[in-house]
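> Quick one: structure below, then a few questions.
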Amino acid sequence: MGGGLSTAAVTPLSVAWTCIAGVAALAISGECLIAAAMRSLGDLDVIRERSGLAGAIRAVLSSPMFLVGALCMAFNFFAMLFTLSIVDLSLAAPATASLTYVGNAVAAKLFLKENVDQRRWLAALFVCAGVYLLSK
Amino acid sequence: MRGHVAGASLLELKEMKHTLSMQQYSILLCVSLTASVGDTFLSHGMSQVGQVDLEHLGLLIHALANGWVIAGIVLLIGFFASYMTALSWADLTFVMPATAFGYVVVALLSRFWLHEHLSLSRCAGIVMIVCAVGFVANGPSRTEHHHELDVMDSGVGR
Chain A
133 MGGGLSTAAV
143 TPLSVAWTCI
153 AGVAALAISG
163 ECLIAAAMRS
173 LGDLDVIRER
183 SGLAGAIRAV
193 LSSPMFLVGA
203 LCMAFNFFAM
213 LFTLSIVDLS
223 LAAPATASLT
233 YVGNAVAAKL
243 FLKENVDQRR
253 WLAALFVCAG
263 VYLLSK
Chain B
27 MRGHVAGASL
37 LELKEMKHTL
47 SMQQYSILLC
57 VSLTASVGDT
67 FLSHGMSQVG
77 QVDLEHLGLL
87 IHALANGWVI
97 AGIVLLIGFF
107 ASYMTALSWA
117 DLTFVMPATA
127 FGYVVVALLS
137 RFWLHEHLSL
147 SRCAGIVMIV
157 CAVGFVANGP
167 SRTEHHHELD
177 VMDSGVGR
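In the order they appear, the protein sequences are chains A and B.
Its first residue numbered 133, the first sequence is counted upward by one per residue in my numbering.
Its first residue numbered 27, the second sequence is counted upward by one per residue in my numbering.
Right, dumping it as structure tokens:
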């Protein structure tokens, strides 16, 4: 069933990029929601010192924003498994990573109100270029 | 307490701070290592499971019985735990390049452990990701928002 054929050879490019965009969108939504939830909870190390590991886990699991973010990440996981089965890893991994990095920087600026300065934009672009070069 | 709030309002809306301990740097290292190795295990496992299409989505459940997929999931749970911890004291845009550094680790492992060929473009990719991590690591780790300063102040005043 696995076969030796390249999966990209039998998957239309439009389907491949739709899958990649879907995986990236789920990752960006999930990461932003989880980042917002963690920020509102405060330093987890401090919570763990004060209430123990169980208290820290309880604090995280009681955040609705975290639960929605985790759901997005779970869908992202299965979407990535699905994508890897129809798109070559050499395309899927760098493409989803690059889209996620740039998308996260934009979402962090817009929704999390992070101070994404010139240094961080440059870092996101360097990571995209670096991931592309590594995959060549 | 209003005095504290008024004091906080004198600060900039988005004050940046950068104080990471060695423990926090080790959590960032965990983030970068577990993500890349976990993804590699998952990829290897899925290549054994075979192609999943819309008619055979049940194979995704079947994949959960594969040892490599299980190992990948365990590593990704470790990644998730360390990633959430990092996000509780640092910005998303600060933690992101740490995850990218895992690609560099995998490339170096494949060169020096598996003795694979490291092309010029891959060397350039490693340099670019290291530069990206350097840009961010030298900067502040967290944006402090106004309401957070207020909460900190009210906590002190209690």
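We treat Cβ as the ideally placed atom computed from N, Cα and C, and that holds for glycine.
#1: What are the residues of the region 164–176 of chain A that lie near chain B, defined by any Cβ-Cβ distance shorter than 8 Å?
#2: Does GLU246/A come within less than 8 Å of chain B when only Cβ atoms are used?
#3: Taking Cβ positions only, does SER195/A come closer than 8 Å to chain B?
#4: What number of angstroms, rounded off, separates the C-alpha of VAL121/B from the C-alpha of SER145/B?
#5: Which bits of chain B does SER217/A rub up against, with CB to CB less than 7 Å?
#6: Strictly under 8 Å for the Cβ-Cβ distance: is ARG190/A near chain B by that measure?
#7: Please state the DSSP three-state secondary structure of THR169/B.
#8: Taking Cβ-Cβ distances shorter than 7 Å, what residues in chain A pair up with SER147/B?
#9: Please list, in chain order, the chain A residues whose beta carbon lies closer than 7 Å to that of CYS157/B.
#10: Is the number of C-beta pairs between the region 234–254 of chain A and the region 194–201 of chain A that are closer than 8 Å three or more?
#11: Using a C-beta to C-beta distance shorter than 8 Å, which residues of chain A count as neighbours of TRP115/B?
#12: Where in the region 112–144 of chain B do unbroken runs of the alpha helix (DSSP H), each at least 4 residues long, occur, reported from the N-terminal end onward?
#13: With a threshold of 16 other CB atoms inside 10 Å of the CB of PHE258/A, please say whether the residue is buried or exposed.
#14: For the region 109–129 of chain B against the region 91–99 of chain B, do three or more pairs of beta-carbon atoms, one drawn from each stretch, fall closer than 8 Å, so that the two count as touching?
#15: Can you have a look at GLU246/A and say buried or exposed, based on whether 16 or more other CB atoms are within 10 angstroms of its CB?
#16: Taking 8 Å as the cut-off, decide whether the C-beta atoms of ARG270/A and VAL162/B are in contact.
#17: Using a threshold of 7 Å, is the CB atom of PHE243/A nearer than that to any non-hydrogen atom of the ligand SAM?
#18: Does any CB atom of chain A fall closer than 8 Å to the CB of ALA91/B?
#19: Using only alpha-carbon positions, find the residue among SER217/A, SER194/A, PHE207/A and PRO196/A that is nearest to ALA148/A.
#20: If I'm right that LEU118/B touches GLY64/B with Cβ under 8 Å, what's the distance once you round it to whole angstroms?
#21: Indicate the three-state DSSP secondary structure (helix, strand or coil) for PRO196/A in the structure shown.
#22: Here's the rule I'm using: 16 or more other beta-carbon atoms within 10 Å means buried, otherwise exposed. How should GLY98/B be labelled?
#23: Would you say MET14/B faces chain A, with C-beta separation under 8 Å as the test?
In terms of the structure at hand:
#1: Listed in sequence order: CYS164, ILE166, ALA167, MET170, ARG171, LEU173, GLY174, ASP175 and LEU176.
#2: Here residue 246/A corresponds to residue number 114 of the first sequence, with the count starting at 1. Chain B, which has a Cβ nearer than 8 Å to the Cβ of GLU246/A, makes this yes.
#3: As a first step, residue 195/A must be located in the first sequence, where it is residue number 63. No, SER195/A does not count as interfacial toward chain B.
#4: In the second sequence, the residue the question calls residue 121/B occupies position 95. In the second sequence, the residue the question calls residue 145/B occupies position 119. Looking at the two C-alpha atoms, the distance is approximately 28 Å.
#5: By one-based count along the first sequence, residue 217/A stands at place 85. Those are MET72, GLN77 and VAL78, listed as they occur along chain B.
#6: The count along the first sequence starts at 1 and reaches residue 190/A at position 58. For ARG190/A, the answer is no, since every Cβ of chain B falls outside 8 Å of its Cβ.
#7: In the second sequence, counting from the first residue as 1, residue 169/B sits at position 143. In the three-state scheme derived from DSSP, where H, G and I count as helix and E and B as strand, THR169/B is classed as strand.
#8: Taking the second sequence and counting its residues from 1, the one referred to as residue 147/B is at position 121. Result: LEU265 and LYS268.
#9: Here residue 157/B is taken as the residue at index 131 of the second sequence, counted from 1. Neighbours of CYS157/B across chain A, judged by C-beta separation under 7 Å: PHE258.
#10: Result no; under three Cβ-Cβ pairs closer than 8 Å.
#11: The sequence position of residue 115/B within the second sequence is 89, counting from 1. TRP115/B reaches chain A at ASP175, LEU176 and ASP177, counting residues in chain order whose Cβ is nearer than 8 Å.
#12: Every alpha helix (DSSP H) stretch that sits fully inside the region 112–144 of chain B and reaches 4 residues is listed by chain position as 118–138.
#13: Reading the first sequence from its first residue, position 126 is the one you call residue 258/A. The residue is buried, with at least 16 neighbouring Cβ atoms inside 10 Å.
#14: Verdict: no, contact absent.
#15: Translated into the one-based positions of the first sequence, residue 246/A becomes position 114. Label assigned to GLU246/A: buried.
#16: Given that chain A is displayed from residue 133 to residue 268, the structure contains no residue 270/A and the question cannot be resolved.
#17: For the structure depicted, the ligand SAM is absent and the ligand set is empty, with no information on it obtainable.
#18: Looking up residue 91/B in the second sequence gives position 65. No, ALA91/B does not count as interfacial toward chain A.
#19: For the purposes of this step, residue 148/A is identified with residue 16 of the first sequence, where counting begins at 1. Taking each of SER217/A, SER194/A, PHE207/A and PRO196/A in turn and checking the Cα distance to ALA148/A, the smallest one comes out for SER217/A.
#20: As a first step, residue 118/B is located in the second sequence; it is residue number 92 there, counting from the start. As a first step, residue 64/B is located in the second sequence; it is residue number 38 there, counting from the start. Actually they are not in contact, since the Cβ atoms of LEU118/B and GLY64/B sit about 20 Å apart, beyond 8 Å.
#21: The residue labelled residue 196/A in the question sits at position 64 within the first sequence. Helix.
#22: If you number the second sequence from 1, residue 98/B lands on position 72. Taking all protein chains in view, the Cβ of GLY98/B is crowded by 16 or more other Cβ atoms within 10 Å, so the residue is classified as buried.
#23: Because chain B here runs from 27 to 184, residue 14/B falls outside it and cannot be looked at.
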